[in-house]
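K.L.:
FYI, the numbering for the sequence shown is 1450 to 1563, going by our numbering.
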Amino acid sequence: MDSDTELTFFSGNAVHMFEWGYTLTSYSGRYELEPDGRITVQLKGFRERWPEMLLDRDTNSLLLRPADAAQGFVMGTRGGAYVPGDKGSYWPFRILTGNEEKEVQKMIQEHGYR
């Protein structure tokens, strides 16, 4: 199954997440930046605890990675989701820019999740 997750961080510690899989699922909640740099996210209605993340970067952009490198695949609506070992990793999250970012912002407004 192909799936994607889009996390959008707003001022005032608000966060929104779209999960794309068989269906589109939307969550909103809060995030905190901990003193040691970890980012924690709490999402209303999300059945699992979202992994703590760290900000990183590669030669292309900023990235979000799990604070625990062994952290596996997390989906809120499909507990049986699976990523085969030879298909890469669900992580890292890469920043969206330009038209992609505008499209996500528009979808959040249209769905009334902010």
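Heads up, the beta-carbon is just placed ideally off N, CA and C, and yes, glycines get one too.
At what residue ranges does the stretch 1459-1503 contain a whole run of the beta strand (DSSP E), taking only runs of 3 or more?
P.N.:
Qualifying beta strand (DSSP E) stretches, in chain order: 1463-1469, 1473-1482 and 1488-1492.
K.L.:
With DSSP as the reference, label N1548 as helix, strand or coil.
P.N.:
It is helical.
K.L.:
Among the candidates W1499, E1455, D1505 and G1547, whose CA atom is the shortest distance from the CA of G1470?
P.N.:
When each option's Cα is compared against that of G1470, the closest is E1455.
K.L.:
Tell me which same chain residues have a C-beta within less than 8 Å of the C-beta of L1545, skipping the five on either side of it?
P.N.:
Closer than 8 Å at the Cβ level, and outside the excluded window around L1545, lie E1455 and V1553.
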